[in-house]
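Here is the structure we will look at, set down as structure tokens.
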Amino acid sequence: MKDNEQIEITGNNHFSTSIKTPLRADAFDKSDDEKIKNIQHHFGKIMEELGLDLTDDSLSGTPYRFAKMYVKELFYGLNPANKPKLSVFINKYSYKKMLVEQNITIDSACEHHFLPIVGFANVAYIPKDKVIGLSKINRLVDYYARRPQVQERLVLQILNDLQDVLETKDVIVSITAKHLCVSSRGIKDQSSFTTTLEYGGCFSESEYRNEFLKIIAQQSI
Ligand SMILES: [Zn+2]
1 MKDNEQIEIT GNNHFSTSIK TPLRADAFDK SDDEKIKNIQ HHFGKIMEEL GLDLTDDSLS
61 GTPYRFAKMY VKELFYGLNP ANKPKLSVFI NKYSYKKMLV EQNITIDSAC EHHFLPIVGF
121 ANVAYIPKDK VIGLSKINRL VDYYARRPQV QERLVLQILN DLQDVLETKD VIVSITAKHL
181 CVSSRGIKDQ SSFTTTLEYG GCFSESEYRN EFLKIIAQQS I
């Protein structure tokens, strides 16, 4: 195991190791209920270690609420069984120009501090033979956001899946988000935010990329 000094350097640099979220081979051997029970136990111990009195009415339910929130809400996207079904349709309209889905909510958490990453994503693609239901894009973004993340990996995971399912490389994904581990601790910079951009196919050409960037500059309707 790394010593704590190295862990602190790693945590502050926020690098990602691979496009795949690092998961154990036995990650889903236990049921959600078993996980909630175990996390409830361990989080209760953390609270006790901090000196909190778990017999207090206001605190007694916290370990359970915390465990359920982790497994069922904040990190439901760890489990491939929860992946949204990405139904695609034949592009009957022969729509061949850019489709942009913008201002998609990002509610994630950084994997180095388990603190929120909040912001929005913009996704665009140029259809070939397949189109996707619009809300499926939002669901896919939420699925990958709801796991301990680094923003660089999140944007790549969304891009790769969309390229696969749409059977085209002509996809672009941008994420702009605020990291609470930057704003609430460490450097405590309240104003900065982070943008990541990944793309393939025709978006490698600045003409297409600029059209996308011009459209997403309009942040409301
Ligand atoms: Zn962090």
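Heads up: the sequence shown begins at 1 in UniProt numbering, then just goes up one per residue. Glycine is no exception: its CB is placed at the ideal position from the N, C-alpha and C atoms. This one's a predicted model, so the numbers in the text were calculated from it and none came from an experiment.
Are residue i and residue j close, meaning C-beta to C-beta below 7 Å?
i: I106; j: A177; result: yes
i: I126; j: M98; result: yes
i: L78; j: R24; result: no
i: D170; j: C202; result: yes
i: I215; j: V100; result: yes
i: P116; j: A109; result: yes
Decide if residue i is buried, meaning its Cβ has at least 16 other Cβ atoms within 10 Å, or exposed.
i: R153; result: buried
i: S18; result: exposed
i: residue 247; result: Nothing can be reported for residue 247: it is not among the residues displayed for the chain, which extend from 1 to 221.
i: H41; result: exposed
i: G119; result: buried
i: G61; result: exposed
i: L59; result: exposed
Can you give me the C-alpha to C-alpha distance between residue i and residue j, rounded to a whole angstrom?
i: P80; j: T21; result: 11 Å
i: residue 225; j: K37; result: Outside the displayed span of the chain (1 to 221) sits residue 225, for which this structure offers no information.
i: Y144; j: S174; result: 14 Å
i: S16; j: L140; result: Unreliable positioning characterises S16 in this predicted model, as indicated by a pLDDT of 49, which lies under 50. The coordinate reading is nonetheless provided below. Taking the straight line joining both Cα atoms gives about 20 Å.
i: Y95; j: L134; result: 14 Å
i: D32; j: H179; result: 28 Å
i: Y76; j: N82; result: 7 Å
i: Q163; j: S206; result: 19 Å
i: F212; j: F28; result: 39 Å
i: L156; j: T196; result: 9 Å
Report the residue from the options whose alpha carbon sits nearest the alpha carbon of residue i.
i: V182; options: V150, Y64, L213 and V71; result: V150
With a cut-off of 8 Å, do at least 3 Cβ pairs link the stretch 45 to 55 to the stretch 82 to 95? no
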